[in-house]
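**Q**
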Amino acid sequence: MKTKVLMVCLGNICRSPLAEGILASKVDPDHVFVDSAGTGGYHIGNPPDRRSIAVARKYGLDISHQRCRQFSKADFAAFDLIYVMDRSNFSNVARLASTSEEAQKIKLLLEEVPLGISEVPDPYYGEADGFEEVYQMIDRACEAIAKKLN
Numbered sequence: 001m002k003t004k005v006l007m008v009c010l011g012n013i014c015r016s017p018l019a020e021g022i023l024a025s026k027v028d029p030d031h032v033f034v035d036s037a038g039t040g041g042y043h044i045g046n047p048p049d050r051r052s053i054a055v056a057r058k059y060g061l062d063i064s065h066q067r068c069r070q071f072s073k074a075d076f077a078a079f080d081l082i083y084v085m086d087r088s089n090f091s092n093v094a095r096l097a098s099t100s101e102e103a104q105k106i107k108l109l110l111e112e113v114p115l116g117i118s119e120v121p122d123p124y125y126g127e128a129d130g131f132e133e134v135y136q137m138i139d140r141a142c143e144a145i146a147k148k149l150n
């Protein structure tokens with residue numbers, strides 16, 4: 001049986017597509033399925049932000065095929081683990097949980113690594129260096145998750 005992991009941010013164009021691509025590159029696809037979604041429906045059907053695509057490509061990952069989608073209540077049944085990028089995403093996802101079992105699936109991504117911060121900052125309104133910083137944070141967290149899942 002595959003473990004199914006969902007990465008969630010606000011718009012599903014910057015952080016969660018990176019997290020999906022990074023974690024997927026570190027796990028055995030026969031055992032782990034990774035997807036991403038956003039709590040907002042602003043970019044449904046669009047590819048990730050060009051800056052996320054560029055920083056992923058810099059590290060040998062192609063996330064350009066991903067398409068944005070909005071988190072839905074059905075994702076609780078479809079996924080075993082739901083990693084959110086910040087407390088706002090956590091609240092938005094937790095609000096949709098109907099049971100304690102659903103709520104227990106939700107975790108802050110950076111809780112997986114001792115970085116001294118608990119939230120992945122949203123790089124959307126910044127420059128390319130913000131995407132690099134976010135990539136590095138997510139990569140460290142995904143490395144820790146992959147060790148648990150593999």
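Residue numbering for the sequence shown follows full-length UniProt numbering, starting at 1 and increasing by one per position. Note that the Cβ used here is the ideal one computed from N, Cα and C, for glycine as well. All of these numbers come straight from a predicted model, not from anything done at the bench.
Let me make sure I understand the geometry here. Which of LEU149, ASP62, GLN66, ALA94 has the alpha-carbon closest to that of SER72?
**A** Position 72 of the sequence shown, counted from the first residue, corresponds to residue 72. It is ALA94.
**Q** Rounding to the nearest angstrom, what Cα-Cα distance links CYS9 and LYS2 in this structure?
**A** To locate residue 9, count along the sequence shown from 1; it is residue 9. To locate residue 2, count along the sequence shown from 1; it is residue 2. In a straight line, the C-alpha of CYS9 is about 23 Å away from that of LYS2.
**Q** According to DSSP, is ALA37 helix, strand or coil?
**A** Start at 1 with the first residue of the sequence shown, and residue 37 comes out as number 37. Correct three-state label for ALA37: strand.
**Q** Which residue marks the beginning of the alpha helix (DSSP H) containing MET137, and which one marks its end?
**A** Along the sequence shown, read from residue 1 onward, the residue named residue 137 stands at position 137. Note, MET137: alpha helix (DSSP H), 128-149.
**Q** I'd like to know whether the C-beta atoms of ARG87 and GLU133 end up nearer to each other than 8 Å.
**A** In the sequence shown, the residue the question calls residue 87 occupies position 87. In the sequence shown, the residue the question calls residue 133 occupies position 133. Not a contact, by the Cβ cut-off of 8 Å.
**Q** Considering only residues of the same chain and omitting the five flanking positions on each side of ASN150, which have a CB-CB separation below 7 Å?
**A** Counting from 1 along the sequence shown, the entry for residue 150 is found at position 150. Around ASN150: VAL27, ASP28.
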